[in-house]
Amino acid sequence: MAPILLDEIKRRYCLSGRFQAVFVSKVAVAKPIATCRYWQRPLNPEKLINAGILRLSRSITCKQALNLYELTCQETDLLLPKIKVLGKHHLVSAFSLFTQYSEKHDLTACFTLTEFEHMFMPRSEIVYTYVIENDKEVTDFVSFYCLPMILPNNGIEYVIRTAYSLYNIAATVPLDQLLKAIMSIATKNNIDAFTVTDAMENSAACLEKLCFSKVDGLHFITFSTTGSVLG
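Mind the numbering: the sequence shown is residues 0 to 230 in numbering that gives the first Met the number 0, read in order.
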């Protein structure tokens, strides 16, 4: 079904007068120019266990799982007060930081300031964006969006809210500390699981340190373009 849906989206897109694009797919419906992998971490392990999503091995109890995925630590407690919700007064500085960061990568989205505002300004229970500011200059930037799903299990319907990381720009703090603080904030926003891709600076070593586990692969595919596979 996915290839048929993609063909229809491409057809409608071309009718708008635009003929090149990048899309992502879990299935390699065409030769991808880049491939990465989703990694996921429970934020509310007890709920995920009850919903049947998180299955524990026989050697791990529920209490041990809760301790394993605990996010509270001294570094996080010190960092949290510095993290602010993105506001309109941050936009120009955040856009400048994002643009400089994007230029370091071979494949990236290009936004105007207006598009950046539309994409990243927080929207209740949909888009979450946070910054760290120093002397009124944004130095660090994190954004994710939330997708809820209803999952029935044993006669109970569980609403599972999963965060999907968009960008993590850590310039003044270690990335693992920034991600841990952001996941703590996500937990306070009733998010049950956190998902990132091992793209850009999100290395496997960093994600394993934070108790993420590998899940699905993700392929980046272009149409009406030519180029080499990105490393």
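Glycine included, each C-beta is placed from N, C-alpha and C at the ideal position.
Nearest Cα to THR107 within the set ILE52, VAL23, THR113: VAL23.
Among the bridge pairs identified by DSSP, THR171 is matched with none.
For LYS83, the uninterrupted beta strand (DSSP E) segment begins and ends at 82-84. Counting only the Cα atoms, PHE211 lies some 30 Å from GLY86.
Judged by DSSP in its simplified three-state form, ARG36 adopts strand. In chain order, PHE143, TYR144, LEU146, THR194 place their CB closer than 7 Å to the CB of TYR163, counting only its own chain and leaving out the 5 sequence neighbours on each side. Per DSSP, the continuous beta strand (DSSP E) segment holding CYS145 begins and ends at 136-152.
With a 10 Å radius around the Cβ and a threshold of 16 neighbouring Cβ atoms, ASN153 comes out exposed. Around the beta-carbon of GLN39, 16 or more other beta-carbon atoms lie within 10 Å, marking it buried. The residue among LEU65, ASP105, PRO173, SER95 with its C-alpha nearest the C-alpha of THR111 is SER95.
Nearest C-alpha to LEU77 among GLN176, ASN167, ARG17: GLN176. Excluding residues up to 5 positions away in sequence, TYR129, VAL141 lie with their Cβ nearer than 7 Å to the Cβ of ILE181 in the same chain.
Within the DSSP bridge table, the entry for ASN133 names GLU136 as partners. For the region 15-76, the continuous beta strand (DSSP E) assignments of 3+ residues that do not extend past its boundaries occur at 20-24, 33-41, in sequence order. Apart from sequence neighbours up to five positions away, the residues of its chain that approach GLU200 with a beta-carbon distance below 8 Å are ASN167, ALA169, LEU174, ordered along the chain. Counting every other CB atom within 10 Å of its CB across the protein chains shown gives CYS205 a total of 16 or more, marking it as buried. For HIS117, the enclosing alpha helix (DSSP H) begins and ends at 112-119.
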